[in-house]
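Counting in our numbering, the sequence shown runs from 61 upward without gaps.
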Amino acid sequence: FLILHNVAKRKNFGDILRSAAALGVSEVAVVGAAKLSSHGAQGCAGHLRFSHFHKLDDAVAYLRGVHGAVITGIEISPESRNVASQPFRGSHAFMPGNEGHGLTPAQLAVCDELVYIPQHSAATASLNVNAACAIVLHHFAMWAALPEAARDGAYKYVTEPAASS
61 FLILHNVAKR KNFGDILRSA AALGVSEVAV VGAAKLSSHG AQGCAGHLRF
111 SHFHKLDDAV AYLRGVHGAV ITGIEISPES RNVASQPFRG SHAFMPGNEG
161 HGLTPAQLAV CDELVYIPQH SAATASLNVN AACAIVLHHF AMWAALPEAA
211 RDGAYKYVTE PAASS
């Protein structure tokens, strides 16, 4: 699962959806956005299930209550665990922070745990929110042993049309 709250840039929102669809996310909880912007998703948004919430607490209650999800923030902090150690157990709802300032105090307060991505250079303070989200989702997919999608040749994966609503 994925919680999108306070992602400011429309292109990042769409890029995150594309990564989420490719990496096996089944549902995206969108908080506060009355209208979904999937710019950059390249048609992948139709392959995801969306739940919309006005408040973060409602999204968290739904994901914990209905799906038994552990709320996992993606944040560089002293409390964060290295995502490479795959500190997962059961179902998770991952929440990336804002492009500029990361997770808000309200977001941090609802997280059961935090993960960070180790960097191997001092060239940048942090990764783009989509890149960070994709790396964490990939680690989770590997831990959960999600099956790889079928490939069509050496360069592309087989895609299916999105279900019409």
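Quick reminder that beta carbons are idealized off the backbone N, C-alpha and C, glycines included.
CA-to-CA distance, residue j to residue i, given in whole angstroms
{"i": "Leu62", "j": "Ala80", "result": "8 Å"}
{"i": "Gly100", "j": "Gly133", "result": "Reliability of the predicted coordinates at Gly100 is poor, the pLDDT of 45 falling under 50, and no value is obtained from them."}
{"i": "Val170", "j": "Glu87", "result": "19 Å"}
{"i": "Ala119", "j": "Phe113", "result": "6 Å"}
{"i": "Asn142", "j": "Ala182", "result": "17 Å"}
{"i": "Gln167", "j": "Leu116", "result": "8 Å"}
{"i": "Glu173", "j": "Leu64", "result": "17 Å"}
Helix, strand or coil at residue i [DSSP, three-state]
{"i": "Gly125", "result": "helix"}
{"i": "Gly100", "result": "Any reading at Gly100 needs caution, since the residue's pLDDT is 45, under 50, leaving its predicted position unreliable; the model's value is listed next. Three-state result, Gly100: coil."}
{"i": "Val170", "result": "helix"}
{"i": "Val120", "result": "helix"}
{"i": "His161", "result": "coil"}
{"i": "His65", "result": "coil"}
{"i": "His180", "result": "coil"}
{"i": "Val130", "result": "strand"}
{"i": "Arg141", "result": "strand"}
{"i": "Ser225", "result": "Here the model assigns Ser225 a pLDDT of 45, short of 50, so the residue's position is not dependable and the matter cannot be decided."}
Those residues which DSSP pairs with residue i across a bridge
{"i": "Val189", "result": "None, per the DSSP bridge assignment."}
{"i": "Lys216", "result": "Asp212"}
{"i": "Val91", "result": "Phe113"}
{"i": "Pro154", "result": "The question names Pro, but residue 154 in the sequence shown is Phe. Paired residues: Leu62, Thr132."}
{"i": "Val196", "result": "Paired residues: none, contrary to the question."}
Sub-8 Å separation of residue i and residue j beta-carbons
{"i": "Phe110", "j": "Val85", "result": "no"}
{"i": "Val130", "j": "Gly150", "result": "yes"}
{"i": "Pro156", "j": "Ala192", "result": "yes"}
{"i": "Leu77", "j": "Leu108", "result": "yes"}
{"i": "Tyr176", "j": "Glu220", "result": "no"}
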